[in-house]
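K.L.:
Got a structure for you, written out below as structure tokens; questions coming shortly.
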């Protein structure tokens, strides 16, 4: 399935394993595979590709039980694996600017809110912990690097940002339904 969001709209996707994805405006996401069986954790699998724009991901049970490599998010030439995580990533292709208005280099920018991620590409891998920022160039041949700050300076609006992630993790709080314009294509 492919999901698109239009300008000024967000899509929130609740996965069966308890994970969530919040798709930012003007984004496009391909769900390559999702498999979750409460009884067979070794068969879990979640693979998705960010084709344009950005998202915030809240990992569910896939990748936390059974196969630790069952969760794979892809953007550009890099993939990300999780370790109990909430993180943002944005694919920039001549369309991302810093706070001063300067065009940022093409690639994927990561921000880890909770937990840690591992960014992988052909050059190697990089561990990014909570509070850190990572970058993977689109060429795929340059090692991902840590950034000293978030060059995108992006925050989710209050309406779609689960302000206190701890309240979401307890399973008692849910995100509000905020979808102004989202298209889902069956592949």
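Residue numbers (this note's numbering): 2 to 188. No residue lacks a Cβ here, since even glycine has one placed at the ideal position from N, Cα and C. Values in this document were obtained by computation on a predicted structure and should not be read as measured data.
1) Comparing C-alpha positions only, which one of 114, 29 and 47 sits nearest to residue 36?
2) Going by DSSP, which residues form a beta bridge with residue 48?
3) Using DSSP's beta-bridge definition, name the partner residues of residue 125.
4) Going by the beta-carbon positions, is the gap between residue 113 and residue 133 smaller than 8 angstroms?
5) Determine the burial state of residue 203: buried for a count of at least 16 other Cβ atoms within 10 Å of its Cβ, exposed for fewer.
6) Taking residue 89 as the reference, give the member of 100, 135 and 122 with the closest Cα.
7) In chain order, what residues of the same chain have a beta carbon less than 6 angstroms from the beta carbon of residue 74, not counting five sequence neighbours either side?
8) Could you give the distance in angstroms between the alpha-carbon of residue 110 and the alpha-carbon of residue 42?
9) Considering Cα atoms alone, identify which of 54, 16, 40 and 65 is closest to residue 8.
10) Taking the beta strand (DSSP E) that residue 6 belongs to, which residues open and close that run?
P.N.:
Once the coordinates are examined:
1) Nearest C-alpha to residue 36: 47.
2) 34 and 73.
3) Looking at the DSSP assignment, residue 125 forms a beta bridge with 122.
4) The beta carbons of residue 113 and residue 133 sit closer together than 8 angstroms.
5) The question about residue 203 has no answer, for the chain in this structure spans 2 to 188.
6) Distances from the CA of residue 89 to each of 100, 135 and 122 were compared; the closest alpha carbon is that of 135.
7) Cβ within range, chain order: 49 and 81.
8) Distance between residue 110 and residue 42, taken at the CA atoms: about 30 angstroms.
9) It is 54 whose Cα lies nearest to the Cα of residue 8.
10) Element bounds for residue 6: 3-6.
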